[in-house]
Amino acid sequence: MNILARYPFLGPAREWVKGSGLTISQMLSRDQEKVQILARNRVERAIDGAGGEREVMSSLEESREYLLSYPLSRYLVATLGDENLIKWFSHAEAETAHGSLVHEDEDLIREMGEELDLPERDPPESQGDDTPAIPRVTKGIRPGGSGPERVDYWVSFTDYLPLKRHISGAEWDLINQPIIDGLIRLNRSRYLRLMQEAIKIRVEDGLAGKESRIRGNPMEDPLNAIRIKLDARKKRYEAKDLGKITVTRLPPCIRQILGMSQAGENLPHHARFSLVTFLHTIGMSRENIFKSFARTPDFKEDIVQYQIDHITGASSATEYSVPSCETMKSGGICFNPDPLCEKEWMTHPMTYYKIKGRKGRYRPKDNVS
Ligand code: SF4
């Protein structure tokens, strides 16, 4: 039961809830008050950007209530029908599951990988000459316990690609992966991080498009309280305008990244880096750059502040420059290039911005040298 409660998005947990015969309407009744409180906490935790802490349940009843709070929290999120909330919720649930996963044994991790469509594959026959010997440990050994951590997980390249898309860090780029026979080797922590992304997708599935009226809902008061909290987070950090910066001058790549950020998408590392350097270079204040990240699901005030300060040189010796178009292309973030981008001389997003800012604006026929 404890395991089901820790991973309520998995098939066996869903089966248990179904088998319990408890419907959402029954969970909304008075005698399920504890489940309702836990469900509301789950949603509020997501809005607060919290998550990642391992859930500790000390009794069977606690596990049962915690497990039941998951479908109810999904019901709350779906009823509110807010796109940002759906992203934040799935992110928080996945982060919390990850907090538990790091303590699990290999058998359970392997089973979960199967269920989440991220199965561990058999190692390729040849692991390459430069591959260091891999310590294999016995099935079921607990990392951090008495034995060495198992370090190798082989996953298919096609399973890897869609999941790594929203993970920050150059170490996730395909170019930096050891690929043999279509398989990628990951250490345990990277495999679990990938699994976290798979969980996020699983949690998010089925939440959109179910919005319904709140008035008359048995949880009308909590739902309204959650809505107020949700609006407060959005308002607090909303990038209402870009000051003197005209959005139409932004190159398509930056416009797309900014849009993703404002829509509550997690940004890959390259995208985040490019957005910060770009906005900084065109003169946006650190405060407004900070606000432009406020809706990303993995938003953590102190971390975002640190990253911005580091990239802009406020807290480091280096003030980083905006990456060139070539770098943006190789990082897969040259989004929606338009006819201006197709010009032979268009090699930098800043060039695009400057040209668009010229009096009379650039039109395709303009003779720009
Ligand atoms: S060509 Fe350059 S400016 Fe245009 S979208 Fe790609 S990276 Fe951005």
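Every letter in the sequence shown is one number past the one before it in this note's numbering, and letter 309, counting from 1, is 309. Even for Gly, the Cβ is constructed at its ideal location relative to N, Cα and C.
Residue i beta carbon near ligand 1 (any heavy atom closer than 6 angstroms)
i, result
"residue 1", "no"
"residue 352", "yes"
"residue 328", "yes"
"residue 268", "no"
"residue 349", "yes"
"residue 252", "yes"
"residue 222", "no"
"residue 337", "yes"
Per DSSP, the bridge partner or partners of residue i
i, result
"residue 156", "183"
"residue 249", "According to DSSP, which records beta bridges pairwise, residue 249 is partnered with nothing at all."
"residue 121", "154"
Buried/exposed call for residue i, threshold 16 Cβ in 10 Å
i, result
"residue 206", "exposed"
"residue 38", "buried"
"residue 103", "exposed"
"residue 368", "Any reading at residue 368 must be qualified, since the residue scores a pLDDT of 33, below 50, and its modelled position is unreliable; the value itself is stated next. Classification of residue 368: exposed, given that the 10 Å Cβ count is below 16."
"residue 107", "exposed"
"residue 353", "buried"
"residue 296", "buried"
"residue 274", "buried"
"residue 358", "exposed"
"residue 41", "exposed"
"residue 306", "exposed"
"residue 266", "buried"
"residue 176", "exposed"
"residue 279", "buried"
"residue 140", "At residue 140, the pLDDT of 38 sits below 50, so the modelled position is not reliable; the number obtained from the coordinates is stated separately. Exposed: under 16 other Cβ atoms inside 10 Å."
"residue 178", "exposed"
"residue 209", "exposed"
"residue 146", "Note that residue 146 has pLDDT 35, beneath the 50 cutoff, so the model's placement of it is unreliable and the number below is only indicative. With fewer than 16 other Cβ atoms within 10 Å, it is exposed."
"residue 154", "buried"
"residue 185", "buried"
"residue 301", "exposed"
"residue 381", "As displayed, the chain neither begins before 1 nor continues past 369, which places residue 381 out of reach and without an answer."
"residue 212", "exposed"
"residue 43", "buried"
"residue 239", "The pLDDT assigned to residue 239 is 48, lower than 50, so where the model puts this residue is not dependable; a value taken from the coordinates is nonetheless given after this. The residue is buried, with at least 16 neighbouring Cβ atoms inside 10 Å."
"residue 272", "buried"
"residue 13", "buried"
"residue 345", "exposed"
Worksheet item: Is it a yes or a no for the region 105-123 touching the region 183-198, going by three-plus beta-carbon pairs under 8 angstroms?
Response: yes
Discussion item. Any contact between the region 332-352 and the region 295-312? By contact I mean 3 or more CB pairs, one from each, below 8 angstroms.
Written reply: no
Item to complete: Would you be able to state if there are at least three C-beta pairs under 8 angstroms between the region 209-228 and the region 320-337?
Response: no
Discussion item. Whether or not the region 63-83 and the region 1-10 are in contact is what I'm after, with contact meaning three or more pairs of Cβ atoms, one per stretch, closer than 8 angstroms; do they touch?
Written reply: Judged by pairs of C-beta atoms under 8 angstroms, the region 1-10 touches the region 63-83, as three or more such pairs exist.
Worksheet item: Are three or more beta carbon pairs between the region 150-169 and the region 181-195 nearer than 8 angstroms?
Response: yes
Worksheet entry | Segment contact flag, the region 3-14 with the region 65-81, C-beta cutoff 8 angstroms, min 3 pairs | yes
Discussion item. When you compare the region 86-102 with the region 287-294, are there three or more beta-carbon pairs, one atom per stretch, that lie closer than 8 angstroms?
Written reply: In the pairwise beta carbon analysis, the region 86-102 is classified as not touching the region 287-294: fewer than three pairs are separated by under 8 angstroms.
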